[in-house]
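Residue numbers (our numbering): 710 to 774.
Beta carbons: idealized from backbone N, C-alpha and C, even for Gly.
A quick note: this is a predicted structure, and the numbers were derived from the prediction, not measured.
To start, the structure under review is shown below, and the notes come after it.
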Amino acid sequence: MTSSATRTGILIGAVLALTWIVIGFWAFFFVAIAMIVGAVIGRIIDGKLNVAGLVDAFRGKRSSS
């Protein structure tokens, strides 16, 4: 039996592939970006993403000394 993450990955791949085939590349691109944004927001809400640490990383600050 496959894991839940594997099934989710297969579903996401199928949605993206069908979007590309039926609507075209740019629709695929925007759907992929929307899925990434949704995943990031979900991780923030679940508390699994440290936003302050992410902002510091983009600013070039190191977390370790």
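Considering only the beta carbon of each residue, do residue i and residue j sit closer than 9 Å?
{"i": "Met-744", "j": "Ile-730", "result": "no"}
{"i": "Phe-815", "j": "Leu-725", "result": "Residue 815 lies beyond the range of the chain shown here (710 to 774); nothing can be said about it."}
{"i": "Ile-753", "j": "Val-760", "result": "yes"}
Any beta carbon from chain B within less than 9 Å of residue i's own beta carbon?
{"i": "Ile-719", "result": "The structure shown has no chain B; it contains just one protein chain."}
What separation, rounded to the nearest whole angstrom, lies between the Cα atoms of residue i and residue j?
{"i": "Ile-719", "j": "Val-740", "result": "16 Å"}
{"i": "Ser-712", "j": "Phe-767", "result": "33 Å"}
Report back the beta-carbon spacing between residue i and residue j to the nearest angstrom; my notes put them in contact at under 8 Å.
{"i": "Val-749", "j": "Leu-758", "result": "7 Å"}
Which stretch, first to last residue, makes up the alpha helix (DSSP H) that contains residue i?
{"i": "Ser-713", "result": "713-731"}
{"i": "Arg-771", "result": "First-last for Arg-771: undefined, no H or E at that position."}
{"i": "Gly-747", "result": "734-755"}
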